[in-house]
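In what follows, a structure is listed as structure tokens, so that the remarks can point back to it.
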Amino acid sequence: GSSWQYGGALLASGGRLGKMWECPDLFSLDGTDILLFSSHRILGDDPAFHPGHGSVWTYGTCEKEKNRFLPEGGGQIDHGTDFYAPQTLLLPDGRRIMTAWMQNWEAWESCPEDLDFNGQMIFPRELAFRDGKLVQNPVRELETLYGEETACEGVEIQEETGLPGIGGRTIDLEMTLRPAGGGDRLQRTFITLAGKGNIQTLLEVDPELSQVSVDRTRSGSPYDIVNRRTIPVRFTEGTIKLRVLLDRFSLELFVNDGEQAASFVLYSPEDADRIRFRSAGKTVLDIVQHQIKGT
Numbered sequence: 028g029s030s031w032q033y034g035g036a037l038l039a040s041g042g043r044l045g046k047m048w049e050c051p052d053l054f055s056l057d058g059t060d061i062l063l064f065s066s067h068r069i070l071g072d073d074p075a076f077h078p079g080h081g082s083v084w085t086y087g088t089c090e091k092e093k094n095r096f097l098p099e100g101g102g103q104i105d106h107g108t109d110f111y112a113p114q115t116l117l118l119p120d121g122r123r124i125m126t127a128w129m130q131n132w133e134a135w136e137s138c139p140e141d142l143d144f145n146g147q148m149i150f151p152r153e154l155a156f157r158d159g160k161l162v163q164n165p166v167r168e169l170e171t172l173y174g175e176e177t178a179c180e181g182v183e184i185q186e187e188t189g190l191p192g193i194g195g196r197t198i199d200l201e202m203t204l205r206p207a208g209g210g211d212r213l214q215r216t217f218i219t220l221a222g223k224g225n226i227q228t229l230l231e232v233d234p235e236l237s238q239v240s241v242d243r244t245r246s247g248s249p250y251d252i253v254n255r256r257t258i259p260v261r262f263t264e265g266t267i268k269l270r271v272l273l274d275r276f277s278l279e280l281f282v283n284d285g286e287q288a289a290s291f292v293l294y295s296p297e298d299a300d301r302i303r304f305r306s307a308g309k310t311v312l313d314i315v316q317h318q319i320k321g322t
């Protein structure tokens, strides 16, 4: 067996960010030391972190000879309602891959009784460290499951509308939203996903507040749980890139090539597969959708 000796605490909360930290993961990414951990009972007094149970990343320098980690920055790993206990592994090709529990301690009992499972994992994500950000994107192996592709470019939207071929419940949807008429001001835009009748999950893009929000209040769940999350995002000359990975019971959102990520469990009926677009003014949309084949 192995012999272990306590060498000290790399980093301690001191009650500043939650009551207890768990699931630590320390690794080097693109030449920078990264530490991940999950925190219980975050108070939410820091606007950068949602209250409750969340997962945190920090970058800095690990002084191994002194058994301490000197943080320089970081933040919340995932801005959704369902993400906890991330862990990573290093592939032989050098990629750092992360998985996590797509659930949370407050809502794990909210699974509908007629499902034969309770709990799932995020789709594995490839990590990178860029411009002080932990960049997360689905692993490229997802492309091996691509089925039918539908692409629309330069579509101008305003009144609620659907686009031919755009829809589904197991899809990888990439969108670029840009101002109409060559301007630099994007209009407030609404995208409804996983829709059927009155059931929908709403993705709202608000350039004025520099944020994107996901609202699953009408997703079909009867439970009184957190259903809306807001994500601070960056707009470049009024343009923003969104990627939505929809699976049978989940939605994973990636903003601006993985600068932010947000994970949500969805218990909408599986045939709720409608997608619609609406804008407060006029918005131009470029979109590519890939159906994901079963294995």
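In this note's numbering, the protein residues as written are 28 to 322.
From the three backbone atoms N, C-alpha and C, an ideal C-beta is built for every residue, glycine too.
Discussion item. Going by DSSP in three states, Thr-171 sits in which element: helix, strand or coil?
Written reply: Position 144 of the sequence shown holds residue 171. Three-state result, Thr-171: helix.
Worksheet item: For Glu-279 versus Arg-196, is the C-beta distance shorter than 7 Å?
Response: Residue mapping note: residue 279 aligns to position 252 of the sequence shown, counting from 1. Residue mapping note: residue 196 aligns to position 169 of the sequence shown, counting from 1. Cβ distance not < 7 Å, so Glu-279 and Arg-196 don't count as in contact.
Worksheet item: How do the stretch 257-270 and the stretch 79-90 stand: do at least 3 beta-carbon pairs fall below 8 Å, yes or no?
Response: no
Discussion item. Could you check whether the stretch 229-242 touches the stretch 159-176, counting it as contact only if at least three pairs of C-beta atoms, one from each stretch, sit closer than 8 Å?
Written reply: no
Worksheet entry | Minimum length 4: unbroken alpha helix (DSSP H) runs contained in the stretch 146-215 | none
Worksheet item: Buried or exposed: where does Trp-31 fall if 16 or more other Cβ atoms within 10 Å of its Cβ makes it buried?
Response: Within the sequence shown, the letter at position 4 stands for residue 31. Trp-31 should be labelled exposed.
Discussion item. In whole angstroms, give me the CA-to-CA distance for Leu-169 and Pro-113.
Written reply: Working through the sequence shown from its first residue, we reach residue 169 at position 142. Working through the sequence shown from its first residue, we reach residue 113 at position 86. Rounded to whole angstroms, Leu-169 to Pro-113 spans 19 Å at the Cα level.
Practice prompt. Could you pull the start and end residues of the beta strand (DSSP E) that Glu-329 belongs to?
Written response: Any question about residue 329 goes unanswered here, given that the chain covers just 28 to 322.
Worksheet entry | Other residues of its chain near Asp-313: CB distance less than 6 Å, five sequence neighbours each side excluded | Position 286 of the sequence shown, counted from the first residue, corresponds to residue 313. Closer than 6 Å at Cβ, skipping near neighbours: Glu-180, Thr-203.
Worksheet entry | Three-state secondary structure assigned by DSSP to Ser-277 | The residue given as residue 277 occupies position 250 in the sequence shown. The answer is strand: DSSP assigns Ser-277 an E or B state.
Practice prompt. Would you mind sorting Phe-144 into buried or exposed? The rule is 16 or more other CB atoms within 10 Å of its CB.
Written response: Residue mapping note: residue 144 aligns to position 117 of the sequence shown, counting from 1. With fewer than 16 Cβ atoms within 10 Å of its Cβ, Phe-144 is classed as exposed.
Fill in: Own chain residues within Cβ distance below 6 Å of Thr-219, not counting five before or after
Taking the first residue of the sequence shown as position 1, residue 219 is located at position 192. Result list for Thr-219: Gln-227, Leu-229, Arg-303, in chain order.
Discussion item. Alpha carbons only, please: which of Asp-141, Trp-135, Pro-139 is nearest the one belonging to Met-148?
Written reply: Counted from its first residue, the sequence shown places residue 148 at position 121. Ranking the options by Cα distance to Met-148, first place goes to Trp-135.
Worksheet item: Who pairs with Asp-242 in a beta bridge, going by DSSP?
Response: Reading the sequence shown from its first residue, position 215 is the one you call residue 242. Asp-242 pairs with Leu-229, Arg-255.
Worksheet item: With C-beta atoms as the reference, is Ala-289 less than 7 Å away from Ile-258?
Response: Translated into positions along the sequence shown, residue 289 becomes position 262. Translated into positions along the sequence shown, residue 258 becomes position 231. It is a contact, given that the beta carbons lie within the stated cut-off.
Worksheet item: Does the Cβ-Cβ distance between Ser-248 and Tyr-173 come in under 7 Å?
Response: Position 221 of the sequence shown, counted from the start, is the residue given in the question as residue 248. Position 146 of the sequence shown, counted from the start, is the residue given in the question as residue 173. No, the Cβ-Cβ distance between Ser-248 and Tyr-173 is not below 7 Å.
Fill in: Integer-rounded CB distance, given that Leu-63 should sit under 8 Å from Asp-52
Sequence index remark: in the sequence shown, residue 52 carries index 25 (1-based). Sequence index remark: in the sequence shown, residue 63 carries index 36 (1-based). Yes, they are in contact, since the Cβ atoms of Asp-52 and Leu-63 sit about 4 Å apart, within 8 Å.
Item to complete: Figure out for me which residue from Arg-43, Asn-225, Asp-105, Ala-155 has the closest Cα to the Cα of Phe-291.
Response: On the sequence shown, residue 291 is found 264 positions in, with the first residue counted as 1. Measuring from the Cα of Phe-291, the nearest candidate turns out to be Asp-105.
Practice prompt. Under 8 Å by Cβ, that's how I've got Asp-211 and Glu-264 pegged, so tell me the actual separation to the nearest angstrom.
Written response: Reading the sequence shown from its first residue, position 184 is the one you call residue 211. Reading the sequence shown from its first residue, position 237 is the one you call residue 264. Rounded, the Cβ-Cβ distance is 5 Å, consistent with contact.
Worksheet item: Are the beta-carbon atoms belonging to Gly-102 and Ala-75 less than 7 Å from one another?
Response: The residue given as residue 102 occupies position 75 in the sequence shown. The residue given as residue 75 occupies position 48 in the sequence shown. Yes, Cβ-Cβ distance for Gly-102 and Ala-75 is below 7 Å.
Worksheet item: Is Glu-136 helix, strand or coil when you go by DSSP?
Response: In the sequence shown, the residue the question calls residue 136 occupies position 109. The answer is helix: DSSP assigns Glu-136 an H, G or I state.
Worksheet item: Does DSSP put Lys-268 in a helix, a strand or coil?
Response: Sequence index remark: in the sequence shown, residue 268 carries index 241 (1-based). Looking at Lys-268 - three-state DSSP - the assignment turns out to be strand.
Practice prompt. Mind checking who Val-315 pairs with in its DSSP beta bridge?
Written response: Taking the first residue of the sequence shown as 1, we reach residue 315 at position 288. DSSP lists Ala-178, Glu-201 as partners of Val-315.
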